Every structure is written in C-alpha cells, then in structure tokens.
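Written below as structure tokens is the structure these notes are about.
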Amino acid sequence: MPFLIVILLIHCLVICFILAAIINGHNLTQFEEKIRGIFIKPKVDEEVPNALYDEAYEIVMDLGKALELDNDTTKHDAVQLALKRVEGFRDDSKDYQIKPKDDEPEKGKLKVVK
C-alpha cells in the first residue's frame with residue numbers, strides 16, 4: 001500500500017512539473033497553448049508596450065557594441081550580460097501574443113506532372 005501512494009505522489013509531481021513548464025514556456029505548440037490558456041489568459045487585445053520595444057532595441061544595440069570589442073574575454077562577458085538581459089526580456093514579454101504578419105505570400109505547392 002505505501003508503494004502505491006509513493007507512485008501516485010511521483011505521478012502528481014511529474015504532472016506538476018509538466019504544467020509548470022507549459023505555463024512558463026516559450027514557443028509552445030497549439031495543444032500546449034490551449035493548456036496554458038486554461039490557467040493564464042493571454043493579453044491578445046492589449047498592445048505591446050513601447051517600453052518592451054525600447055528594451056529590445058537597447059539589448060540589440062548593446063549586443064552590437066559587445067561584438068565589436070577586440071578583447072575576447074571582455075567580448076565574452078558582454079555577450080553573457082546581453083544573454084541575461086534577453087532572458088529577462090523574454091520573461092517580461094511572454095504574456096503578449098504578437099500576431100504574425102499575414103503580408104507574406106503563401107508558398108506555392110509543386111505538382112508532379114508525368
């Protein structure tokens with residue numbers, strides 16, 4: 001009987017870890033998006049704040065300056081700092097769903113002609 005309880009607790013822990021990964025995840029599949037939508041309502045109607053655009057611009061500019069450095073160790077440290085800023089930016093921006101542009105033309109489908 002205790003073994004059964006331990007197995008059930010382990011299964012509950014695994015399910016909790018999976019749900020936590022889905023809730024905090026990026027680049028989710030449609031099924032994962034539906035599960036995440038049950039727990040967290042995405043802010044589709046809200047516009048992305050200009051502060052996020054400004055922060056993204058600053059990160060890109062700082063990364064460009066870091067890549068122009070001559071000293072490899074300084075360059076490495078600057079890129080690592082930019083990576084940490086990017087991770088923070090992703091956490092801040094994951095609540096906003098940016099609608100993809102529909103301006104891109106659809107790719108043509110090829111037919112086999114015999």
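Residue numbers (the UniProt record's numbering): 1 to 114. Yeah, the Cβ is synthetic: ideal placement off N, Cα and C, and Gly gets one too. All values derive from a computational prediction rather than experimental measurement.
Nearest to residue 81 by C-alpha distance, out of 22, 35, 61, is 61. For the 7 Å CB-CB criterion, residue 15 and residue 36 do not form a contact. With respect to the 7 Å criterion, residue 79 and residue 66 are classified as neighbours on the basis of their beta carbons. Contact between residue 51 and residue 89 is ruled out by a C-beta separation of about 11 Å, above the 8 Å threshold.
DSSP, reduced to helix, strand and coil, places residue 64 within a helical segment of the structure shown. The three-state reading of DSSP puts residue 69 in coil, since its state is none of H, G, I, E or B.
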